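Peer 1: Residue numbers (my numbering), protein chains in the order written: chain P, 1 to 251; chain Y, 252 to 502.
Every residue gets a Cβ at the ideal spot worked out from N, C-alpha and C, and that includes glycine.
These figures come from a predicted structure and were not determined experimentally.
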DNA sequence: AGCGATGTTACACGAACGCGCCTGAACGTG
DNA sequence: CACGTTCAGGCGCGTTCGTGTAACATCGCT
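Dropping the structure here:
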């Protein structure tokens, strides 16, 4: 059995079974456990799986579920959220996009803030209900199961009539030339409606969203006024955004 | 079972059940309680849960007042919810009012149900997002912090255009002569809009809401077609509702 | 053919990890 | 205050990991 064959088999098993054990692979593929461990280490280095003691797991666990996503890079999310929360001033009309980072942002808003918050995300609305100084408005619509935001014509219509002081956009992809992108057409229209007439647009993007692009274009980078990202980003990667006049904040 | 798998299971249980007990996890996952405690300690260190004596809780507790209410008479709520959930048929348009009992109802819907659910309650929307066969629509509006439902003109308008097959109403008070009552004027208008044009109206009321009245009248009892209540109610108290042609279901 | 370079594998050994058990301390409750 | 439960830390055991080393095959070059 060739090395690449064996690794393909390993990835297949991982996809179908959801996990692999080093010892099982060793016996079933009839190679020493050292070879398997080398394979797993190598595949982990290529980002094709996640090495754990005893075997390996899919890299993104269950990336589809909202709860699973909120478990990814929680400290980066939290620091971005804290930094972004400091951008909100009393009396502002704040529009919050959905997503795990914006949910953290909602939780990070200071307790004595007095503002009006509008969101398409039911979990964010629930998180903000406790807050004493906020007026929370939920944008209605059809609920997207994976991202937990509302979409559809009614959501777009409701957002169009709002002139936000500041919009926080949880981006799926942010690319210097392509702009803000997402992977769902309906969500794109909702995000675009948020941006219309907004005074400030703050994009929240952790390091592995920068420089990436998703299939659906939301808006060009000129629509974004601020970018909040985490500390794990080299300055060179941020230069193109600064060149476009975007204020870049490192958390 | 790999360590990471086990911790994922723990977080999933925490998310679905709202809490986990160390001893339960130990027996169900078939590892020593020491291992579970190590897991919980580790996950707490990562900020993914909140360690407490005996188990763990979600790091971000639910909205306080709402969460407190949902702990009141949980077994009565659950049985009412189960009974009411059986009233829903495939293909129906279901409107769900807010409240802790209707939240339980949402969780009690059978997994293979295919229906369209419309709700003013963000927590209910979140709870239903996992459900594979449901089309979930959130009614937008201003969020009431204590009851976690949306209210206001836009909510009323959105509900007016809907002809529901079945409406589940979480009532604050149900009185044979006064009818359905609540304690918030805005919520009253939302509830009233739900009832308009509904084919069936199911009121969910545990024993201590029967025979009581709140300040604001939502609708007369003639608007209600079904009443689901718990077993702790004497027949005499139900007679007046039956006399009005309401089908009474005891859970 | 001879030779070295490269890549892949198996074996060996110390280190690290995960788990269960134990003990004293802390907690919650009556 | 006293009791049972739960907790944190330490220890030992078995497994797994990473690295170093040697054996073997393949390939390209002379």
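Starting from the N-terminal side, write out each stretch of the alpha helix (DSSP H) that is 4 residues or longer and does not extend beyond the stretch 428–492 of chain Y.
Peer 2: Those alpha helix (DSSP H) runs which fall completely within the stretch 428–492 of chain Y and span 4+ residues are 436–446.
Peer 1: Taking its Cβ as the centre, do 16 or more other Cβ atoms sit within 10 Å of residue 279 of chain Y, making it buried, or is it exposed?
Peer 2: Counting from one through the second chain, the residue named residue 279 of chain Y turns up at place 28. Exposed.
Peer 1: Give every residue of the same chain whose Cβ lies closer than 7 Å to the Cβ of residue 112 of chain P, excluding the five residues on either side of it in the sequence, and list them in chain order.
Peer 2: Taking the first residue of the first chain as 1, we reach residue 112 of chain P at position 112. Closer than 7 Å at Cβ, skipping near neighbours: 133.
Peer 1: Helix, strand or coil, according to DSSP, for residue 17 of chain P in the structure here?
Peer 2: Here the question's residue 17 of chain P lines up with position 17 in the first chain. Three-state DSSP puts residue 17 of chain P in a helix.
Peer 1: Are residue 151 of chain P and residue 142 of chain P closer than 9 Å when you measure CB to CB?
Peer 2: Taking the first chain and counting its residues from 1, one reaches residue 151 of chain P at position 151. Taking the first chain and counting its residues from 1, one reaches residue 142 of chain P at position 142. Their beta carbons are under 9 Å apart, which means residue 151 of chain P touches residue 142 of chain P by this criterion.
Peer 1: Skipping 5 residues on each side, what residues in its chain have a beta carbon closer than 7 Å to that of residue 39 of chain P?
Peer 2: Numbered from its first residue, the first chain carries residue 39 of chain P at position 39. Hits under 7 Å: 6, 7, 10.
Peer 1: Grab me the residues of residue 207 of chain P's own chain with a C-beta within less than 6 Å of its C-beta, minus the 5 sequence neighbours each way, in chain order.
Peer 2: As a first step, residue 207 of chain P is located in the first chain; it is residue number 207 there, counting from the start. Correct list, in chain order: 230, 232, 233.
Peer 1: Confirm, please, whether the CB-CB distance from residue 325 of chain Y to residue 126 of chain P is below 9 Å.
Peer 2: Reading the first chain from its first residue, position 126 is the one you call residue 126 of chain P. Reading the second chain from its first residue, position 74 is the one you call residue 325 of chain Y. Contact flag unset, no.
Peer 1: Assuming residue 417 of chain Y and residue 339 of chain Y make a contact with CB atoms under 8 Å, what is their CB distance in whole Å?
Peer 2: Indexing the second chain from 1 puts residue 417 of chain Y at position 166. Indexing the second chain from 1 puts residue 339 of chain Y at position 88. Contact flag correct, Cβ pair sits at about 6 Å.
Peer 1: List the residues of chain P that residue 453 of chain Y touches, going by C-beta distances under 9 Å, in chain order.
Peer 2: Looking up residue 453 of chain Y in the second chain gives position 202. Here the premise fails: no neighbours, minimum Cβ distance about 22 Å.
Peer 1: Which residue spans inside the stretch 34–74 of chain P form an unbroken beta strand (DSSP E) run of at least 3?
Peer 2: Complete beta strand (DSSP E) runs here, min 3: 50–52, 55–57.
Peer 1: Determine the direct distance from the alpha carbon of residue 69 of chain P to that of residue 21 of chain P, and round the result to whole angstroms.
Peer 2: By 1-based counting over the first chain, the position of residue 21 of chain P is 21. By 1-based counting over the first chain, the position of residue 69 of chain P is 69. When rounded, the distance between both Cα atoms is 24 Å.
Peer 1: Assuming residue 431 of chain Y and residue 469 of chain Y are in contact, meaning their beta carbons sit under 8 Å apart, how far apart are those beta carbons, in whole angstroms?
Peer 2: Numbered from 1 along the second chain, position 180 holds the residue referred to as residue 431 of chain Y. Numbered from 1 along the second chain, position 218 holds the residue referred to as residue 469 of chain Y. Their Cβ separation, rounded to whole angstroms, is 4 Å, which keeps residue 431 of chain Y and residue 469 of chain Y in contact under 8 Å.
Peer 1: Is there a C-beta anywhere in chain P that falls below 9 Å from the one on residue 394 of chain Y?
Peer 2: Residue 394 of chain Y sits at position 143 when you count from the first residue of the second chain. Taking Cβ atoms only, chain P reaches closer than 9 Å to residue 394 of chain Y, which makes this a yes.
Peer 1: Taking the alpha carbon of residue 77 of chain P as the reference point, which residue from P:239, P:53, P:104 has its own alpha carbon closest?
Peer 2: Reading the first chain from its first residue, position 77 is the one you call residue 77 of chain P. Closest option to residue 77 of chain P, Cα to Cα, is P:104.
Peer 1: State the CB to CB distance for the pair residue 225 of chain P and residue 196 of chain P, rounded to an integer number of angstroms; the pair is presumed to be in contact (CB under 8 Å).
Peer 2: In the first chain, residue 225 of chain P corresponds to position 225, counting from 1. In the first chain, residue 196 of chain P corresponds to position 196, counting from 1. That pair is no contact at about 14 Å.
Peer 1: Rounded to the nearest angstrom, what separates residue 48 of chain P and residue 15 of chain P at their Cα positions?
Peer 2: The count along the first chain starts at 1 and reaches residue 48 of chain P at position 48. The count along the first chain starts at 1 and reaches residue 15 of chain P at position 15. Taking the straight line joining both Cα atoms gives about 11 Å.
Peer 1: Using 9 Å as the limit for Cβ to Cβ distance, is residue 54 of chain P near chain Y?
Peer 2: The residue labelled residue 54 of chain P in the question sits at position 54 within the first chain. Closer than 9 Å: yes.
Peer 1: Quick one, which residues of the stretch 460–471 of chain Y are near chain P if we go by CB-CB under 8 Å, in chain order?
Peer 2: From the stretch 460–471 of chain Y, no residue has a Cβ closer than 8 Å to chain P.
Peer 1: Output needed for residue 493 of chain Y: all residues of its chain with C-beta closer than 7 Å, excluding positions within five of it in sequence on either side, in chain order.
Peer 2: What you label residue 493 of chain Y is simply residue 242 of the second chain in a count that begins at 1. Correct list, in chain order: 499.
Peer 1: Please give the ranges of any beta strand (DSSP E) in the stretch 356–399 of chain Y, keeping only runs that are unbroken, at least 3 residues long and fully inside the region.
Peer 2: Counting whole runs of 3 or more residues, the stretch 356–399 of chain Y contains the beta strand (DSSP E) stretches 366–370, 385–389, 392–394.
Peer 1: Closer than 9 Å, Cβ to Cβ, to anything on chain Y: give me those residues from the stretch 133–160 of chain P, in chain order.
Peer 2: So the close ones are 134, 135, 136, 137, 138, 139, 140, 141, 142, 143, 144, 145, 146, 148, 150, 152, 154, 155, 158.
Peer 1: Compare the C-beta of residue 354 of chain Y against all C-beta atoms of chain P and say whether one is closer than 9 Å.
Peer 2: Within the second chain, the letter at position 103 stands for residue 354 of chain Y. By this cut-off, residue 354 of chain Y is not an interface position.
Peer 1: Between the stretch 92–107 of chain P and the stretch 330–350 of chain Y, are three or more C-beta pairs nearer than 8 Å?
Peer 2: No: the two stretches stay apart, fewer than three of their Cβ pairs being nearer than 8 Å.
Peer 1: For residue 48 of chain P, decide whether its Cβ has a neighbour in chain Y, counting only Cβ atoms nearer than 9 Å.
Peer 2: Here residue 48 of chain P refers to the residue found at position 48 when the first chain is read from its first residue. False, the Cβ-Cβ gap to chain Y never drops below 9 Å.
Peer 1: Give me whichever residues DSSP pairs with residue 260 of chain Y in a beta bridge.
Peer 2: The residue given as residue 260 of chain Y occupies position 9 in the second chain. For residue 260 of chain Y, which the question treats as bridged, DSSP gives no partner whatsoever.
Peer 1: Can a CB atom of chain P be found closer than 9 Å to the CB of residue 263 of chain Y?
Peer 2: Position 12 of the second chain, counted from the first residue, corresponds to residue 263 of chain Y. Chain P, which has a Cβ nearer than 9 Å to the Cβ of residue 263 of chain Y, makes this yes.
Peer 1: Counting contacts by CB-CB distance shorter than 9 Å, is residue 81 of chain P in contact with chain Y?
Peer 2: Along the first chain, one-based indexing puts residue 81 of chain P at 81. Not one chain Y Cβ lies under 9 Å of residue 81 of chain P.
Peer 1: Go ahead and pull the three-state DSSP assignment for residue 333 of chain Y.
Peer 2: Locating residue 333 of chain Y in the second chain gives position 82, counting from the first residue. Of the three classes helix, strand and coil, the one that applies to residue 333 of chain Y here is helix, per DSSP.
Peer 1: Of the residues that make up the stretch 116–129 of chain P, which ones have a beta carbon closer than 7 Å to any beta carbon in chain Y?
Peer 2: Listed in sequence order: 122, 123, 125, 126, 127, 129.
Peer 1: Is residue 95 of chain P helix, strand or coil by DSSP?
Peer 2: Along the first chain, one-based indexing puts residue 95 of chain P at 95. It is a strand residue.
Peer 1: Per DSSP, what are the beta-bridge partners of residue 160 of chain P in this structure?
Peer 2: Position 160 of the first chain, counted from the start, is the residue given in the question as residue 160 of chain P. Residue 160 of chain P pairs with nothing; no bridge assigned.
Peer 1: Across which residues does DSSP place residue 257 of chain P in a beta bridge pair?
Peer 2: There is no way to answer for residue 257 of chain P, as the model of chain P reaches only from 1 to 251.
Peer 1: So residue 148 of chain P and residue 380 of chain Y are in contact, right, with Cβ under 8 Å, and what is the actual spacing, rounded?
Peer 2: On the first chain, position 148 is the one that residue 148 of chain P refers to. On the second chain, position 129 is the one that residue 380 of chain Y refers to. Between residue 380 of chain Y and residue 148 of chain P the Cβ distance is about 6 Å, and since that is below 8 Å, they are a contact.
Peer 1: Of all the CB atoms in chain Y, is at least one closer than 9 Å to the CB of residue 75 of chain P?
Peer 2: As a first step, residue 75 of chain P must be located in the first chain, where it is residue number 75. With 9 Å as the cut-off, residue 75 of chain P counts as an interface residue toward chain Y.
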